[in-house]
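Structure first, commentary second.
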Amino acid sequence: MSTFKTALRMALAHPFYLLIYTVFISLMGVFIAASVSWNSSQLTEYKPYDTNVIVVDRDNSDLSRALTKHLGSRFDLVTGVGDDTYDLADALSKSNSAKGSADCVFFIPEGFEDDLVAAARAGESLPKLDVTYGAGTMAAALSSAEASRWISLAGAAAALEPAASNGDVARAAEHAAAKRAEVQIEQVKVDSTAATTLESYFNFGAYAIISSVIVSVGLVFSGMNEPERVRRMDASPVSERQRSLAVFAAAAVLTVCIWLVSSMMGVVGFASAVAEVGVGRVCLALAATFALACTPLAVGFTLSSLGAREELLNGVGNLLGMLMTFLGGAWMPLSLMGSAVQTVAHFVPTYWVNDAIGKALASDLTSAVLGDIACDLGVTVLFAAAIAAVGLALAHNKSHA
């Protein structure tokens with residue numbers, strides 16, 4: 002019993018680590034999940050972004066007028082703005098919703114029509130427009146790409162019909178530019194923002210659990226393995242087996258406490274979301290995070306078997322916490338990452354834990370889904386078992402040495 006208490010006192014001797022890794026990082030998770038919930042609540046019907054463009058036509062030709070007309074049909078053409086530098090800069094500096102604002106300004110130079118037709122029929126590079134972007138760079142880039150597309154179509158029409166007049170080229174470009182692929186906007190229906198909020202917290206909360214358990218448990222194991230303390234314990238009547246079990250029990254209790262504090266901060270912070278989702282589903286998600294806590298426990302034990310000290314434990318705890326939560330999809334969805342990253346993600350426990358959490362909080366909890374969750378938790382525990390086996394082998398070799 003004294004060994005058990007001594008091990009716990011060693012962890013409590015570093016309250017700063019417990020405060021930062023467990024409480025502060027979990028509190029960050031609460032704020033992050035709350036922001037996700039707030040953003041989800043702001044979502045209404047889809048409304049496309051209205052791009053405002055200004056066209057300064059210094060050529061005043063058939064092609065320049067046709068290009069201006071086309072841009073006006075695709076975007077909101079701003080008129081009534083002077084073409085001097087001050088007026089244009091003022092329009093670009095305004096927000097998109099302000100009157101007379103612009104996301105970009107197109108300058109059609111003098112001689113644009115003649116240069117385009119001549120270059121197209123000579124097989125040379127087509128002239129480009131001068132474009133100035135405002136604050137809405139994505140919208141400006143889209144409108145700029147649309148202008149480049151129209152110029153390419155006009156160049157193709159001029160090259161294919163060498164005898165065509167400039168007016169005919171403009172009409173051919175207008176006709177070709179009008180052909181577009183039909184697209185539909187399909188909005189994904191979110192069954193519950195409460196489930197999304199809890200999933201965000203539990204996914205990010207893995208960082209707090211991983212880093213805190215590795216550092217705290219690692220300090221317990223490494224402290225109990227110090228040569229001077231080992232010599233004193235060897236002189237006591239308690240067997241080595243009993244001491245090892247007591248130290249492991251202290252580490253397990255510490256792990257459970259860290260998991261409980263981190264989990265309860267999310268449960269209490271989002272009590273209304275828990276009530277909406279259902280206690281049963283939340284308990285399944287908590288079981289997944291508890292299974293995850295076994296992995297940093299095994300990592301802390303293995304690092305102590307390698308003789309890791311406080312600085313190394315801090316570094317590994319932080320790096321593994323960030324890396325594992327990243328590969329688990331906490332920082333950004335895995336669907337947005339490359340295939341190589343998605344493949345690597347299968348080799349970290351957070352991937353399986355986050356998959357289990359997502360399924361546990363889903364709207365349809367069938368027997369097949371429960372089976373998938375059980376498989377995810379089984380794989381997660383196997384990660385911990387494999388790492389712990391390595392730690393036991395290292396500890397065994399170290400004791401014999």
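Residue 2 is where the sequence shown starts when you use the numbering used here, and the numbers rise one by one after that.
For glycine and all other residues, C-beta sits at the position ideal for the given N, C-alpha and C.
None of these values were measured; they are calculated from a predicted model.
Residue j beta carbon less than 9 Å from that of residue i
| i | j | result |
| --- | --- | --- |
| phenylalanine 302 | alanine 396 | yes |
| glycine 330 | alanine 346 | yes |
| phenylalanine 76 | serine 153 | no |
| proline 110 | leucine 127 | no |
| glycine 206 | serine 264 | yes |
| leucine 333 | threonine 351 | First, the amino acid is wrong: residue 333 is methionine here, not leucine. No, these two residues do not count as a Cβ contact at 9 Å. |
| serine 62 | phenylalanine 113 | yes |
| threonine 23 | alanine 209 | yes |
| leucine 9 | valine 254 | yes |
| alanine 142 | glycine 135 | no |
| threonine 290 | isoleucine 358 | yes |
| threonine 86 | leucine 78 | no |
Status (buried if at least 16 other CB within 10 Å, exposed otherwise) for residue i
| i | result |
| --- | --- |
| phenylalanine 203 | buried |
| methionine 11 | buried |
| glycine 308 | exposed |
| lysine 360 | buried |
| glycine 30 | buried |
| valine 342 | exposed |
| asparagine 355 | buried |
| serine 305 | buried |
| glutamate 200 | buried |
| phenylalanine 17 | exposed |
| alanine 34 | buried |
| phenylalanine 107 | buried |
| threonine 198 | buried |
| phenylalanine 32 | exposed |
| methionine 139 | exposed |
| aspartate 60 | buried |
Simplified DSSP state of residue i, which is helix, strand or coil
| i | result |
| --- | --- |
| valine 31 | helix |
| threonine 52 | coil |
| valine 79 | coil |
| phenylalanine 107 | strand |
| valine 300 | helix |
| aspartate 63 | helix |
| valine 262 | helix |
| threonine 367 | coil |
| aspartate 377 | helix |
| valine 132 | strand |
| valine 349 | coil |
| aspartate 58 | strand |
| phenylalanine 271 | coil |
| histidine 333 | For the record, residue 333 in the displayed sequence is methionine; it is not histidine. In the structure shown, methionine 333 sits in coil (DSSP, three-state: anything other than H, G, I, E or B). |
| valine 191 | Interpretation of valine 191 is limited by its pLDDT of 49, a score under 50 that renders its predicted location unreliable; the figure taken from the coordinates is listed afterwards. Valine 191 falls in the coil class under three-state DSSP. |
| leucine 314 | helix |
| leucine 220 | helix |
| proline 163 | coil |
For residue j and residue i, the rounded distance between their alpha carbons
| i | j | result |
| --- | --- | --- |
| phenylalanine 5 | leucine 287 | 27 Å |
| valine 269 | alanine 276 | 11 Å |
| tryptophan 353 | glycine 316 | 24 Å |
| glutamine 243 | leucine 320 | 33 Å |
| proline 163 | arginine 66 | 21 Å |
| valine 1 | cysteine 258 | This structure does not reach residue 1, given that the chain is present from 2 up to 402, and the question cannot be answered. |
| glutamate 311 | valine 382 | 26 Å |
| serine 217 | alanine 272 | 28 Å |
| alanine 375 | leucine 314 | 31 Å |
| valine 54 | aspartate 91 | 13 Å |
| glutamine 185 | leucine 72 | 22 Å |
| valine 191 | cysteine 284 | In this prediction, valine 191 scores a pLDDT of 49, lower than 50, which makes its location untrustworthy; no coordinate-derived value is stated. |
| valine 56 | aspartate 104 | 11 Å |
| alanine 121 | glutamate 183 | 29 Å |
| glycine 281 | phenylalanine 25 | 27 Å |
| valine 391 | glycine 267 | 33 Å |
| leucine 338 | arginine 172 | Residue 338 is actually methionine in this sequence, not leucine. C-alpha separation (whole angstroms): 43 Å. |
| alanine 247 | glycine 219 | 15 Å |
| serine 340 | alanine 155 | 39 Å |
Neighbour flag for residue i against chain C, beta carbons, 9 Å
| i | result |
| --- | --- |
| serine 27 | This model lacks chain C altogether; it includes just one protein chain. |
Evaluate contact between the segment 291 to 302 and the segment 383 to 394, counting only Cβ atoms and requiring at least three cross-stretch pairs below 8 Å.
yes
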